[in-house]
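Chains as they are written, first to last, in numbering that gives the first Met the number 0: chain A, 0 to 620; chain B, 0 to 496. For each residue, glycine too, the CB sits at the ideal point set by N, CA and C. Below is one structure, written out as structure tokens; the observations come after it.
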Amino acid sequence: MEFLPWLILLSPLASAACILLFAHRSKALSVTLSLAAVLTAFGATVALLAAGSQTVASSVTWINLGPALHLTIGLKVDALTRVMLLVVTGIGALVHIYSTVYMAEDEGKSRFFGSLSLFMFSMLGIVLADSLTMIFIFWELVGVSSFLLIGHWFTKESAAKAANKAFLTNRIGDFGFMSGILLVWAATGAVGFDAVQQNMAKLTANPALLTLAALCLFCGAVGKSAQVPLHVWLPDAMEGPTPVSALIHAATMVAAGVYMLARLFFLFAPSPDALTVIAAIGVVTALLAALMATQQDDIKRILAYSTLSQLGFMVAAIGCQAPGSAMFHLFTHAFFKALLFLGAGAVIHGLHHEQNIWKMGGLRKTMPKTFLTFAIGTLALTGAPFLAGFFSKDAILLAAYNKGPLFFFPLLLSAVLTAFYMTRLVVVAFFGEAYHPTGHGHSKDHGHDGPAAMTVPLLILAALSVIAGYGFFAEPIFGHDLFHTAHSLATFSAAGVLEYVDAPHVALVPMLAVGAFVLGTLGAWMLYSGKAKDPVRIPLFANRFYIDEAYAALIAGSQEMLASVSDWVDRYLIDGVLVRGIAGLTWGTGYALRLLQLGNIQGYAFIFGAGVVVLLFLLNK
Amino acid sequence: MFAPITLEILVLVLGFALLLAESFSNAPSKRALPKIALFVLAWVFAFSFFTAPAPDTVEPGSFWNFYSASPISMMFKRIALLTTMGVLVMSLDYESTLAKFIPSSRPGAGTGEFYILPLFTCAGLMLMASATDLVMAFAALELVTISFYVQVAYMRSNSASLEAGIKYLILGALSTGFFVYGLTWVFGLTGETHFDKVALKLAALENSDTAILFALLLVLVGLGFKVAAVPFQSWVPDVYQGAPTPVTAFLSVGSKAAGFLLLLRVLEPFLGVSSIQPKVLAVLGTMAGATLIYGNLAALPQNNLKRLLAYSSIGHAGYLLLAVASVGATVTGFGAVGTTIGFYLFAYLLMTVLGFLVLTAVSTQTKGEEIQHFNGLSKRSPFLAFALLVAMSSLAGVPLTAGFYGKFLVFAHAVNAQLWVLVGLGVVTVGAGFYYYLRVVAAMYWYEPTDTAPIHVSSLSKAVMALLVVCIFVFGVNPRPILSALQGAPAKVAAAH
Chain A
0 MEFLPWLILL SPLASAACIL LFAHRSKALS VTLSLAAVLT AFGATVALLA AGSQTVASSV
60 TWINLGPALH LTIGLKVDAL TRVMLLVVTG IGALVHIYST VYMAEDEGKS RFFGSLSLFM
120 FSMLGIVLAD SLTMIFIFWE LVGVSSFLLI GHWFTKESAA KAANKAFLTN RIGDFGFMSG
180 ILLVWAATGA VGFDAVQQNM AKLTANPALL TLAALCLFCG AVGKSAQVPL HVWLPDAMEG
240 PTPVSALIHA ATMVAAGVYM LARLFFLFAP SPDALTVIAA IGVVTALLAA LMATQQDDIK
300 RILAYSTLSQ LGFMVAAIGC QAPGSAMFHL FTHAFFKALL FLGAGAVIHG LHHEQNIWKM
360 GGLRKTMPKT FLTFAIGTLA LTGAPFLAGF FSKDAILLAA YNKGPLFFFP LLLSAVLTAF
420 YMTRLVVVAF FGEAYHPTGH GHSKDHGHDG PAAMTVPLLI LAALSVIAGY GFFAEPIFGH
480 DLFHTAHSLA TFSAAGVLEY VDAPHVALVP MLAVGAFVLG TLGAWMLYSG KAKDPVRIPL
540 FANRFYIDEA YAALIAGSQE MLASVSDWVD RYLIDGVLVR GIAGLTWGTG YALRLLQLGN
600 IQGYAFIFGA GVVVLLFLLN K
Chain B
0 MFAPITLEIL VLVLGFALLL AESFSNAPSK RALPKIALFV LAWVFAFSFF TAPAPDTVEP
60 GSFWNFYSAS PISMMFKRIA LLTTMGVLVM SLDYESTLAK FIPSSRPGAG TGEFYILPLF
120 TCAGLMLMAS ATDLVMAFAA LELVTISFYV QVAYMRSNSA SLEAGIKYLI LGALSTGFFV
180 YGLTWVFGLT GETHFDKVAL KLAALENSDT AILFALLLVL VGLGFKVAAV PFQSWVPDVY
240 QGAPTPVTAF LSVGSKAAGF LLLLRVLEPF LGVSSIQPKV LAVLGTMAGA TLIYGNLAAL
300 PQNNLKRLLA YSSIGHAGYL LLAVASVGAT VTGFGAVGTT IGFYLFAYLL MTVLGFLVLT
360 AVSTQTKGEE IQHFNGLSKR SPFLAFALLV AMSSLAGVPL TAGFYGKFLV FAHAVNAQLW
420 VLVGLGVVTV GAGFYYYLRV VAAMYWYEPT DTAPIHVSSL SKAVMALLVV CIFVFGVNPR
480 PILSALQGAP AKVAAAH
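The following block contains the structure:
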């Protein structure tokens, strides 16, 4: 049993190494290796799930410098890990299959699949890690592989810039994360999750330190899960190939932050201040991102902002002391958001890389399968009753309700907006008349469904988007305990629809949630149905609250100035005075010493004799 | 199991046999000679691992009193053997240049002894490594020195080689004079020639500090010349540049190794005299500092690679002297410093022989030894360029090369002895070293070649170079095998307790 986690972790690494070192000349071999690795990992995950719900742990010593520094490479599989394993390997497998078609014509296909395997390895490392040091290492590896994948088309300037932006923004968060790890390490003397938990008393004894450490750790999640104010990288990351967006920027990498928060919840729980900050950041992200999404025209960007908003929901759930609900939403969201991205990819693929929703229209006739699955994904995301997203979002809303109205109502508004912008997307892209540049008539080729390797993943994900919220599906994966921490707050789990109805506020929340769905959907439908261009223009939302511009100005003002000062110091003081000065002096001495080399032997013998005299003098001094 | 002295006897017999064979053979090519020598030396090297261990105590009055086979002696013997083999490989590549400067009726005639003389040098070096008696040490030293005189001046019609030979001969004779005079003073003071007995007698002498210091001064002058320490270094640049390249490599490694081993042996009795110890260490420190500055700084403006390596050789003598000057602080005295010097010399052997092998290969085809002749070598022969890169990096002391550990150990001793000024000087001069060593690397990798013809290297040289590169990395990552070989088998130490 212990070998299964290692198999899951190492098979993508083996594939990545083989592809990037040896097999990259053969595209077919690279694809086969990568697929084999991800399917192995998925199979091992299923076997692990089938084996029961006990915790599996296994570790080997890595660095042993006495009790002060004993690092292990260890894996731990518990309920939380199982959920993430299934999400990562399951969606990973579907995305790999889908990519074989989507990237069929790509020059860098081998590189793409190699990077994809590297990403799978890194992400599975985060999921399986049993210590802060391990999670940090894989955290950074995820950053690297995400950089490679976003910048896959690196000859496109926007893609190269987006990759840099994602990496650098993440590094800011990672710096906080590392500080947090070091603080925890210093305070508890441990890095293993279990060891830290056992030594929590040392941290809780100093509430200020605890809050500081918790907030530093949270910085890591802010970066990786793209929360305000480090959210700017995620929309730009859509420059990467669409399967990458589906896998990394919807289902897995961005979920890593939430997973980390849930994993380390025992560290956050004793600090109410830290929890409030986390909840506030989550709520602000959810609302701002939803507002931005309402005014985007690029199909992938809408989904990107939607992802931001949903990640805000999850982080808010952590802050509202409901990590189970956060994980539940992460789980359901992974399916329908991956579905939506892959659906968007199918549309983009069918329309020859057209991404503007106003240039689509009428796709429900030309791409029926894509439309059907996309619609199911939309309904699941917007919280239509009895689909996956409804249950999980409801659980979060309830947690926020318990935390206080300041957290609940913005989230509720975000839910309305979610329904609004998603309906807008569907109405504009799939309904109405097909777009034609001249304004009337049909273009010859206005989309078509992809081949089976594209549509089958869509259909599977659509089915999962329907059932993922129900107890019969989710409970075996979450395990009894974790599932009920998620659902004891929720109402409409299939198992317990009626259980909580008599509690008035518990019934109120789902009713408001359904109301939000209806309001948002109807509003968007009425506003956008039959429109050929956007009837509302809100530049503030369309321009993302000018946050990117503000950052650019801030960086230009502070960093560039600092850089020019450093440049001056380096150029004139360090290089000029210190380096060249010392070098010149040394060189001059060397040149002078060379003159001692007279070349005639009398001179040498004289120096020799003089040396003897000097030594004699020194010895008898 | 062999008696250790079998090794020296084998080398000497090989030398005589080859001399005789050369005299009576009519074969036009002499290339068989170094090949036979290489083959036999490789076997001698292998035998050196199967010699009987040295007896712990030497019976008084025994014939073998002059000879010791301690682990460090065995290690120095191996260094001598490996260096000689490297020099013979180089000589094979150097044949064409050599033949050009030897007037003879047939091309190639008269080159035979060039391949045989290194064997006698080698035998001298090996005997010196085992010498525990002043007379034996002197005889071995002279065997080395005199065979070097011939080798340096071997290219009879090349004025540079002749000039180098004359300079080396005259200055060498001068230094030998000082050295022998020093030995007579030692004998006069103690009436003994065996190092252990000399040490006992010296320590027991009273009110003779001036006489002891004078004897030491004379010995230091002689050995300072051998190891190229300032102020007795003036011969080095001219002789290194003028001598045939393989001989330069031999001088650089062999002469230095012999000199330092003898220096350690001779100094030990003197440092046992506690009243003069601080003074001796101060003088050694001063010499070390001056040697470091002179060797490393004067190397900066050099444009001829051979001359640059000559100055670099002086610089390395400075680091080794720094280790010797730190001896006062170590608990185990010469044991630890001896290990450091042994390792440093072993690393120095690897990188210097590698550097000179590349230099020989390149200069025989580019007809020049200036740094500019190495421009764009990476394009002409990536292998040679990489090998020289490794040699230069190791000489400069880049981590993960054997040269780094050598310097590391030296600095560790100096820090231990709290010689802060010398440590500071060492750091600065290592910085200067990086500059002039990497200049060669820059020429190879960044400058355009003037001639793009690929450079041919014989497969034997190539194999030796590859082996040296591997060794530099292996012992740069894990120096333990060499260090434990120098300290002797740990099992023996355990048994002693």
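Any non-hydrogen atom of the ligand NAP closer than 7 Å to E156(A) Cβ: In terms of ligand content, the structure shown is empty, and the ligand NAP therefore cannot be addressed.
Positions along the stretch 219-233 of chain B whose CB lies within less than 7 Å of some CB in chain A: L219, V220, P230, F231 and S233
Where D297(A) falls: helix, strand or coil (DSSP): strand
Contact between the stretch 440-451 of chain B and the stretch 373-390 of chain B (3+ Cβ pairs under 8 Å): yes
Q309(A) versus A285(A): straight-line alpha-carbon distance, rounded: 6 Å
Pick from A431(B), H372(B), L219(B) and N477(B) that is closest to A582(A), judged by C-alpha positions: A431(B)
CB of H151(A) within 8 Å of CB of G239(A), strictly: yes
Buried versus exposed, by CB contacts within 10 Å (16 or more), W61(A): exposed
Opposing strand residues paired with K75(A) [DSSP bridges]: A56(A)
Proximal chain B residues relative to I606(A), where beta-carbon distance stays under 7 Å: P230 and S233
Three-state class that DSSP yields for P4(A) in the structure shown: helix
Straight-line Cα distance separating Q486(B) from A411(B): 17 Å
Members of the stretch 195-222 of chain B that neighbour chain A once the beta carbon cut-off is set at 9 Å: T209, L212, F213, L215, L216, L217, L219 and V220
Contained alpha helix (DSSP H) runs [length at least 4] in the stretch 278-357 of chain A, N- to C-terminal order: 298-318 and 322-349
Start-to-end residues for the alpha helix (DSSP H) that takes in E7(B): I4 to F23
Cutoff 8 Å: S492(A) Cβ touching any chain B Cβ: Note that S492(A) has pLDDT 39, beneath the 50 cutoff, so the model's placement of it is unreliable and the number below is only indicative. No, S492(A) does not count as interfacial toward chain B.
Which residues DSSP lists as bridging N205(A), in chain order: Bridge partners of N205(A): none, in fact.
Start-to-end residues for the alpha helix (DSSP H) that takes in V229(B): That residue, V229(B), is in no alpha helix (DSSP H); it is neither H nor E in DSSP.
Y310(B), DSSP secondary structure in three states: helix
H543(B) (DSSP reduced to helix, strand or coil): The structure shown does not extend to residue 543(B), since chain B is modelled only from 0 to 496, so the question has no answer here.
Contact residues within the stretch 411-444 of chain B, judged by C-beta distance below 7 Å to chain A: A431
Range of the contiguous alpha helix (DSSP H) that encloses Q197(A): F192 to Q197
Selection from F137(A), L131(A), E104(A) and M133(A) that minimises the alpha carbon distance to M119(A): F137(A)
Proximity test, Cβ basis, 8 Å: Y293(B) and chain A: yes
Residues sharing a beta bridge with L383(B), DSSP: L383(B) is not bridged to any residue.
Backbone secondary structure at A141(B) - three-state DSSP: For the record, residue 141(B) in the displayed sequence is Glu; it is not Ala. Reduced to three states, the DSSP call for E141(B) is helix.
Min CB distance G575(A) to chain B below 8 Å: no
Per-residue contacts from A428(A) into chain B (C-beta, under 9 Å): Here the premise fails: no neighbours, minimum Cβ distance about 56 Å.
CB contact below 8 Å: H90(A) versus chain B: The question names His, but residue 90(A) is Ile in the sequence shown. It does not: the Cβ of I90(A) has no partner Cβ on chain B nearer than 8 Å.
Short CB-CB distance (under 8 Å) between Q596(A) and chain B: yes
Interface flag, V282(B) vs chain A, CB-CB below 8 Å: yes
Rounded straight-line distance, which links the Cα of S22(B) to that of L32(B): 12 Å
Beta carbon of V456(B) nearer than 8 Å to that of A360(B): yes
Identified DSSP bridge partners for T50(B): F1(B)
Contact with chain B by R24(A), beta-carbon distance below 8 Å: no
DSSP beta-bridge partners of Y66(B): A130(B)
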